[in-house]
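Read through the structure below, which is laid out as structure tokens, and then see the notes.
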Amino acid sequence: MENLPKHITIIMDGNGRWAKQRGKERIYGHIEGAESVRACCELAVEMGIEYLSLYAFSTENWNRPKDEIMGLMSLMAKSILEEKPTFQKNNIRFMVLGDRSQLSEELIGDIDKAMEETASNTGLTLIVFLSYSGKWDIRQAATRYAEDMKKGVAGEFEDYLCTKGIPDPDLLIRTSGEQRISNFLLWQCAYTEFYFTDTLWPDFRKPQLRSAIKTYASRERRFGKTSEQIK
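Letter by letter, the sequence shown follows residues 9 to 239 of our numbering.
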């Protein structure tokens, strides 16, 4: 397949509905959704995708029931510890981005250790956005940018976002039928191609991701230019 996206980002939606349809608690949907994460990572590695990022937990998600939040954070810590050998085996660089102020010290320690141990890997970069929102990212960047402006040392605004050094997404996928980006990568998605699917996240596996990539590959990205200028 030609014209592959360099950076794919996914809003993983529908875990709770998937569990409810099966008469189970919401956390079971998140557990099954972890298998979809694994499948999508495998395909990204197979296809040579350079960046795969996942919207795992928004700042707004802190308003969810306490039991669900605790379950999600426990699942995140467990997944990081279990997947580290896979990251090394497949040359995957692992990153977690977001507002750490509400995360536990134990989880932060697990995150930092996994990031440090995989920092030199040169294959797929897997990014998990945890306790993240686009508005938070722009606010924190604007604050630091203003501070450097006063000192006369301000650089490009993009360098103050938490995604510094990471290319903007070429393709954003959202599962479960919702057609919005829900406060995710608001600055970075200025020219991103969107792909919405009714498939719930726990059912989104390699065939579904391959279909999304195929749709992206068929599109013409003009970035404000005409088709004649691109040709």
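Here a beta-carbon is modelled for each residue, glycine too, at the ideal position from N, C-alpha and C.
Minimum C-alpha distance to G24 - residue among G79, E54 and G56: G79
Just confirm the distance between the C-beta atoms of L12 and I221, as a whole number of angstroms; I'd bet it's less than 8 angstroms. 7 angstroms
Could you check whether D206 and T240 sit closer than 9 angstroms to each other, using their CB atoms as the reference points? The structure shown does not extend to residue 240, since the chain spans only 9 to 239, so no value can be given for it.
Under DSSP, the alpha helix (DSSP H) around S82 begins and ends at which residues? K74 to K97
In whole angstroms, what is the alpha-carbon distance linking I57 and S226? 17 angstroms
Assuming contact is defined by CB atoms lying nearer than 9 angstroms, are L180 and F212 in contact in what I supplied? no
By the 10 Å Cβ neighbour count, where 16 or more other Cβ atoms means buried, how is A150 classified, buried or exposed? exposed
Exposed or buried, what is I119 when buried is set at 16 or more other beta-carbons lying within 10 Å of its beta-carbon? buried
Considering only C-alpha positions, which residue in the set P177, W209 and L208 is nearest to A198? P177
Are L217 and A27 closer than 9 angstroms when you measure CB to CB? no
Environment of E43 [buried if 16+ CB atoms lie within 10 Å]: exposed
Taking the C-alpha atoms as reference points, what is the distance between A85 and E50? 20 angstroms
Can you tell me which of the three DSSP states I19 falls into? strand
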